[in-house]
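These notes are about the structure you will find just below.
Set out below in C-alpha cells:
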C-alpha cells in the first residue's frame, strides 16, 4: 500500500510527521509561510530608472551598490523574443536532447534530465513535483541569436572586454541564461558565483526577490549560516536586520550588484532571461565573495569558470590602462585604484610559496606573474604619491583630481583647461622645449648686466628674467598683446625675430603673469620687452643697445654651440641630467 505523504514541511518524505522538527526551505509548508510573511519594500533601497539613464558613465560616477529596476525595455539595448515565446519554442531552438540541471524545490536537490522531459513536465497541468530550471546557459545554441544582453552588462563585462581570443582556457559562458520555473519554485539565499552582478528580465510570469545588503555583518552571518548543518531549517532573512521584498513583473528588468544576498520565489509560472558579469566597479567585493566560496568548499560546478585566470588577464589590462591614464595627464578614478589594490593583494596571496601549487593551473602562459605584480605595485605607488601631492596643493591651486570620464562630461573648453592645469602641476621629466628655455635662462644669468644698471629698466628686466623657472610654452592665450615682441626659437634656431617698442607698462611686471592658467604649444618662445617710448626720454636708445648686444650673443651661442649647456641633445637619455641642471 502506497501511503499518502503527510510531512510536507521536511525534505525527506520518509520522516515521521511528529511536528517536532522545523520547516525546511523549499517545502510546500515553507512556501505557504513565506507568502504570508511581511517584508519591508525594496523601494527603500532600489533605484528605478529608464534604460537610457543606465550608462557606464552613470555607474562610474555614482557606483553600482544597490539594485536597479528598469520597468521597460526601451533604451537598455536588451533584445529578447516576444512574450508569446513559450517553453516549446525553447525546446525547438535549444534541442530536446540537451541535458540540463533541474532543481527539485521541495528537497532543494539538484538532478539532471533531458530538456524534452522537462518541457513535457512543464506543459502538464498535473505536476507531482516542483521542478525549477535556473542554469540553462544557451550561448552555444541557436536561441542565442534571439537574445542580446543589455548594453551596460556588455560594456562592463570582464569576459567581453578582457578575455583574449587565443587563450588556452575555454571562454566562460555565463552571459545568457534561460530560467523556467513553475509556480512555487524557490531558490534559497545565495550570492551569485564569483561575486558576479546579474541582470534578470521576466518575459512572462512573475518572480519575487528577497534582497539583503552585503554589509560586513551580513556577509559574516551568511558565511556562518551557509556552513551550518541546520541551514535548510533556518530562514536567513530572520537573522539579518532587514530583508527587502522586490516583485519583478512581466517586462521588468532587475540588476543585482556584487555581493547582494538574495532568494527568489516564482509566484506564478514564469520564463525569464538573465546573465552574470564581472566588472571593474566592485573588484574588492568580487574577490571577497570568491574567497568565501573557497572557504565554504563550493563545488566547481557552482563557481565562476576560470575565475583566477580572468583576474590575471584583467590585471594585465588594467596595468596598461593606469599607465595610459597617467601618460595622458588624467587621474585614475578612485574605484579603479581601490579595485586594482584589492586585485594586487589577491594575486600576491595566490603566488605565496605554500599556495602557489594550488593556484598555478590558472596562471595564463603569456603572463609573467612576478613581473606583473611588481609593475602593478609600482604604478599604484606612483598614483598614490600623485594623489597625496594633489590633495596638498588642492587648497592653493583649486585643482581637483580628475578622471577621464569626468572630462568627457564637461564642456570642451573647460575640459581642456582642467587638463592643462593637471599637466602643468604634474611631476614629470621636462620636455625638450623646457630644456631650451632652461638653457636660455642660464645664458641670461651669465651675461654682464652692468651696462643696464644705470637705466631705469633694470629692475623690470630683472623682475622678468629672474622669476622661478617655468616653460614659456605655458603663457596663457589671453596675453596676445605680449606676442608682438618676441624672439622665437625652434630646435636651437631663431625662426622669428620681431621686436618693436610698445607702451603698456603692466607687461613689464612679473606679477602680470597668471601662474594658474596656461596654454600648451609646440614651440618655445622667449619674450623680451624693450624700454617704453615715453619712459626715460633719451635713455631709450642707450637702453636698447645692450639688449641688441645681448640678443646677438644669444644667437651666436645657440648657433655655434659655445655654451656649456649646448651639448644637451633631444635624446631621452639626456633629460635626467638636464633636470638636475
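In the numbering used here, the protein residues as written are 1048 to 1628. Ideal Cβ positions, reconstructed from N, Cα and C, are used throughout, including at glycine. Nothing here was measured: the structure is a model prediction, and the numbers come from that model.
Give the DSSP bridge partners of residue i, in chain order.
| i | result |
| --- | --- |
| residue 1148 | 1159 |
| residue 1086 | In the DSSP output, where bridge partners are listed per residue, residue 1086 has none listed. |
| residue 1293 | 1256 |
| residue 1095 | 1116 |
| residue 1410 | According to DSSP, which records beta bridges pairwise, residue 1410 is partnered with nothing at all. |
| residue 1237 | 1309 |
| residue 1195 | 1126 |
| residue 1247 | 1301, 1321 |
| residue 1184 | 1224 |
| residue 1179 | 1150, 1228 |
Helix, strand or coil for residue i, going by three-state DSSP, please let me know.
| i | result |
| --- | --- |
| residue 1174 | coil |
| residue 1318 | strand |
| residue 1310 | strand |
| residue 1116 | strand |
| residue 1284 | helix |
| residue 1333 | helix |
| residue 1109 | helix |
| residue 1364 | helix |
| residue 1429 | helix |
| residue 1067 | coil |
| residue 1458 | Low local confidence applies: a pLDDT of 38 at residue 1458 is under 50, so the model's placement there is unreliable, and no value is given. |
| residue 1416 | helix |
| residue 1143 | coil |
| residue 1265 | helix |
| residue 1278 | helix |
| residue 1393 | helix |
| residue 1484 | helix |
| residue 1372 | helix |
| residue 1495 | Low confidence applies here, because residue 1495 scores a pLDDT of 45, under 50, leaving its location unreliable and the question unanswered by this model. |
| residue 1401 | coil |
| residue 1074 | coil |
| residue 998 | Shown here, the chain extends from 1048 to 1628; a query on residue 998 therefore has no answer. |
| residue 1210 | coil |
| residue 1423 | helix |
| residue 1218 | coil |
| residue 1349 | helix |
| residue 1381 | helix |
| residue 1204 | coil |
| residue 1271 | helix |
| residue 1435 | helix |
Please name the residue in the options whose C-alpha comes closest to that of residue i.
| i | options | result |
| --- | --- | --- |
| residue 1277 | 1069, 1489, 1491, 1488 | 1069 |
| residue 1219 | 1422, 1368, 1350, 1406 | 1350 |
| residue 1119 | 1399, 1390, 1249 | 1249 |
| residue 1129 | 1326, 1432, 1320 | 1320 |
| residue 1141 | 1178, 1122, 1166, 1390 | 1166 |
| residue 1257 | 1242, 1366, 1251, 1236 | 1236 |
| residue 1407 | 1138, 1354, 1087, 1372 | 1354 |
| residue 1427 | 1378, 1315, 1410, 1412 | 1378 |
| residue 1228 | 1103, 1313, 1112 | 1313 |
| residue 1138 | 1405, 1282, 1115, 1189 | 1189 |
| residue 1381 | 1389, 1374, 1401 | 1389 |
| residue 1297 | 1290, 1127, 1279 | 1127 |
| residue 1096 | 1071, 1290, 1299 | 1299 |
| residue 1352 | 1323, 1363, 1269 | 1323 |
| residue 1429 | 1483, 1372, 1304 | 1372 |
| residue 1162 | 1415, 1177, 1134 | 1134 |
| residue 1343 | 1136, 1234, 1240, 1091 | 1240 |
| residue 1274 | 1309, 1339, 1289 | 1339 |
| residue 1386 | 1404, 1333, 1425 | 1333 |
| residue 1169 | 1073, 1541, 1315, 1290 | 1315 |
Flag residue i as yes when its Cβ comes closer than 7 Å to any non-hydrogen atom of the ligand SAM, and as no otherwise.
| i | result |
| --- | --- |
| residue 1114 | For the structure depicted, the ligand SAM is absent and the ligand set is empty, with no information on it obtainable. |
On the premise that residue j lies in contact with residue i, defined as a C-beta separation below 8 Å, what is that separation, rounded to the nearest angstrom?
| i | j | result |
| --- | --- | --- |
| residue 1306 | residue 1238 | 6 Å |
| residue 1317 | residue 1252 | 3 Å |
| residue 1116 | residue 1301 | 6 Å |
| residue 1311 | residue 1254 | 6 Å |
| residue 1090 | residue 1304 | About 17 Å separates the two Cβ atoms, so there is no contact after all. |
| residue 1259 | residue 1295 | Not confirmed; about 16 Å, so no contact. |
| residue 1098 | residue 1122 | 3 Å |
Segment contact, 8 Å Cβ cut-off, at least three pairs: the stretch 1189-1198 with the stretch 1151-1158: no
Sufficient close CB pairs (3 or more, under 8 Å) joining the stretch 1143-1154 to the stretch 1202-1219: no
Any 3 or more C-beta pairs closer than 8 Å across the stretch 1211-1218 and the stretch 1165-1174: Output reads no: the stretch 1165-1174 does not touch the stretch 1211-1218.
Cβ pair count under 8 Å reaching 3, the stretch 1263-1274 against the stretch 1073-1083: no
Any 3 or more C-beta pairs closer than 8 Å across the stretch 1358-1372 and the stretch 1385-1397: yes
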